[in-house]
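J.: When we follow UniProt numbering, the leftmost residue of the sequence shown carries the number 1, and every step to the right adds one.
Glycine residues also receive a C-beta, built at the ideal position from the N, C-alpha and C atoms.
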Amino acid sequence: MSLALLKNLFIRQPKQQVYNKISADSSSESWASSPTLSSSSRSSDVESQALREEISEKLSPPSQTERKSWKVDARVISDAIIGLSDGLTVPFALTAGLSAIGSTKVVVYGGMAELIAGAISMGLGGYLGAKSERDSYNATLQETEELVVNDPAAAERTVTELFESFDVPSSTINDLTTHLSTSPHLTAFLMRFEHSLPPPESSRAITCALTIALGYFIGGFIPLLPYFFVEGVRRGLAWSVAIMIVALFTFGYTKTCFVSGWKGWRKSLLGVRGGIEMVVVGSLAAGAAMGIVRFFNDHAGALG
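Here it is as structure tokens:
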């Protein structure tokens, strides 16, 4: 029973691989070759050995097969959603507002200026945010390493408390704590299960900045496209609104279904609801911007 409980503990955790900086190149063979844990009974010894292998499997470096499998990082998708959501809303509202002036050139030049400035600003924000995340991880890692070296008793108490929160039998906890206290993977264990911090990739800040900036630029360039191919600003606005209704609905539907799932009519209804919400938000923003610009344009003489 204790084995099943502890397996549930590890299986529920994200499948991020965690490595100790000091022992990143060490293999999991040291776990399997370590002395057999002392136990009060043969059953407890078997459980401890199985649990040790379970921890070794979770903390060991990825195999060649795992390295070959590739999929898009969830955080990259999150960054793309952030960039696209802002890009589809803010520049659309601006171009709709500038169209009230009646000049296609003003809409194009103003829209492009906002796109470039907004993409740079969003990219810098993503870069600084990811860099702060990495700095926070490094600071926590240093504190954990100092705790393991300078106060091993406190580290053992932390391990014990982690297992106690899942009602693991005390005999099993003692065996695991004794084993982990002498393991080079103790720091990695604490970083993963105590702080829940996966090691950030070295290129995370650059990837985050480029993804958000590119998403913002692409999303904002969509409502600006019609103004490059039409002569009248009203006609360009009509095409821009039509294109943005489709783009906002598609984005809202895709984003919602990506989070909640794609199968089933209820998930489809949630996606439709998300698409409608995006259209409403974008329309309100564009309408407000257009109304404000038109107000100042009509009363420019009185204000001056």
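#1: Taking 7 Å as the cut-off, is the C-beta of A289 nearer than that to any heavy atom in the ligand NAD?
#2: Alpha carbon to alpha carbon, how far is S268 from I218?
#3: Figure out for me which residue from A153, P169, I173, P152 has the closest Cα to the Cα of T160.
#4: Got a sec, what are the start and stop residues for the alpha helix (DSSP H) L94 sits in?
#5: In chain order, what residues of the same chain lie with their CB nearer than 8 Å to the CB of Y127, ignoring the 5 residues before and after it?
#6: For S26 and H185, what's the separation of their Cα atoms in angstroms?
#7: Looking at C-alpha atoms only, which residue of A153, G264, R134, L88 is the closest neighbour of A119?
#8: Between K131, L147, P199, L248, which lies nearest to E277 when the distance is taken from Cα to Cα?
#9: What's the gap between the Cα of R75 and the Cα of K131?
#10: Going by CA-CA distance only, name the one from E133, F229, I222, A154 that's closest to S203.
#11: Express the C-alpha separation of P200 and V233 in angstroms, rounding to a whole number.
#12: Do G97 and M290 count as a contact pair if the criterion is CB distance below 8 Å?
#13: If you run the structure through DSSP and keep just helix, strand and coil, what is V159?
#14: Just how far apart, CA to CA, sit L197 and A238?
#15: Provide the residue span of the alpha helix (DSSP H) that contains G275, from first to last.
#16: Please report the distance separating the alpha-carbon of D298 from that of I212.
#17: Once DSSP output is grouped into helix, strand and coil, what is the label at P226?
#18: In chain order, what residues of the same chain lie with their CB nearer than 7 Å to the CB of K255, ignoring the 5 residues before and after it?
#19: Quick one: what does DSSP say D167 is sitting in, helix, strand or coil?
T.: Well, looking at it:
#1: The ligand NAD is not among the ligands present in this structure, which contains no ligands whatsoever.
#2: About 26 Å.
#3: I173
#4: 74-98
#5: A205, I206, C208, A209.
#6: In this prediction, S26 scores a pLDDT of 41, lower than 50, which makes its location untrustworthy; no coordinate-derived value is stated.
#7: L88
#8: L248
#9: 14 Å
#10: E133
#11: 47 Å
#12: yes
#13: helix
#14: 48 Å
#15: 265-298
#16: 37 Å
#17: helix
#18: I81, G274
#19: Secondary structure of D167 (DSSP, three-state): coil.
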